[in-house]
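Numbering (the working numbering), first residue to last: 4 to 262. The beta carbon of each residue, even a glycine, is placed where N, CA and C say it ideally should be. To start, the structure under review is shown below, and the notes come after it.
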């Protein structure tokens with residue numbers, strides 16, 4: 004009876020030992036396999052783009068008769084440009100004063116050979132403020148040659164008298180040429196001419212009394228175009244004599260010339 008119990012105990016122990024040995028063998032095998040295997044990172048394969056090599060590029064060029072199209076000449080209209088040089092001569096012209104009338108000898112000013120030329124040709128000047136020495140009232144007009152402060156654009160403020168003249172020339176050219184357009188009918192007919200425009204800079208600096216003077220050198224359309232451009236000159240700082248603002252009349256020639 005005792006031998007039978009020992010046999011059962013031995014059989015049970017041997018089965019346990021077998022399982023333990025099997026587990027140990029599997030662990031050892033797993034460790035060996037882990038050491039022998041290496042991690043491999045797959046690299047993407049570089050694909051080569053196939054580019055066919057051609058000896059000569061193929062160009063489809065059908066043989067068809069050439070049709071020549073006559074292109075009409077392109078006509079561009081020239082916008083008149085103004086490059087005035089407003090000059091006040093150093094020598095004062097002679098004035099014959101009779102009562103309240105002022106007569107000024109006209110001075111012919113030659114124009115330069117440019118598209119538009121404007122020299123300051125002061126024909127007459129009407130200055131409404133000149134203080135009488137005794138009464139302090141307005142008796143005689145002033146002239147632009149003897150006025151203390153010339154009319155000026157706002158951009159010329161604070162400059163010396165000589166610098167103001169140069170600045171006035173430049174700003175006047177810009178102001179007129181900005182709105183001056185060659186008349187269409189005169190351009191088509193290839194007409195050229197010079198319009199003499201008279202205007203007044205009043206006590207407030209406004210451009211007034213703009214009109215063209217007859218000189219038989221400009222068409223009616225040229226006169227109107229020049230008048231229109233002068234009327235659009237912005238407000239100026241008026242001329243000044245002492246503490247009083249004065250008005251002055253100017254006349255400038257504006258030449259229309261085709262290139």
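Hey, how far is the Cα of residue i from the Cα of residue j?
| i | j | result |
| --- | --- | --- |
| residue 263 | residue 209 | Any property of residue 263 remains undetermined from this structure, which presents the chain solely from 4 to 262. |
| residue 35 | residue 29 | 10 Å |
| residue 16 | residue 31 | 23 Å |
| residue 150 | residue 212 | 21 Å |
| residue 189 | residue 231 | 16 Å |
| residue 261 | residue 192 | 11 Å |
| residue 259 | residue 195 | 5 Å |
| residue 175 | residue 236 | 8 Å |
Within the continuous alpha helix (DSSP H) that includes residue i, where are the two ends?
| i | result |
| --- | --- |
| residue 249 | Residue 249 -> not in any alpha helix (DSSP H); beta strand (DSSP E) instead, spanning 247-249. |
| residue 185 | First-last for residue 185: undefined, no H or E at that position. |
| residue 224 | 223-234 |
On the DSSP letters alone, give me the boundaries of the beta strand (DSSP E) that residue i sits inside.
| i | result |
| --- | --- |
| residue 217 | No beta strand (DSSP E) holds residue 217; DSSP gives it neither H nor E. |
| residue 242 | 242-244 |
Kindly give me the distance between the Cβ atoms of residue i and residue j, rounded to whole angstroms, as I take these residues to be in contact under 8 Å.
| i | j | result |
| --- | --- | --- |
| residue 148 | residue 239 | About 18 Å separates the two Cβ atoms, so there is no contact after all. |
| residue 183 | residue 221 | 13 Å between Cβ atoms; not a contact. |
| residue 197 | residue 251 | Their Cβ separation, rounded to whole angstroms, is 22 Å, which puts residue 197 and residue 251 out of contact at 8 Å. |
Provide the residue(s) that pair with residue i in DSSP beta bridges, ordered along the chain.
| i | result |
| --- | --- |
| residue 199 | 216, 256 |
| residue 174 | According to DSSP, residue 174 bridges with nothing at all. |
| residue 152 | 243 |
| residue 204 | 210, 251 |
Which residues in the same chain have their Cβ closer than 7 Å to the Cβ of residue i, if we skip the five residues on either side of it in sequence?
| i | result |
| --- | --- |
| residue 216 | 199, 201, 254 |
| residue 234 | 210, 213 |
| residue 158 | 170, 174 |
| residue 20 | none |
Excluding the 5 residues preceding and the 5 following residue i in the sequence, name in chain order all residues of the same chain whose CB lies nearer than 6 Å to its CB.
| i | result |
| --- | --- |
| residue 248 | 206, 241 |
| residue 154 | 204, 239, 241, 242 |
| residue 223 | none |
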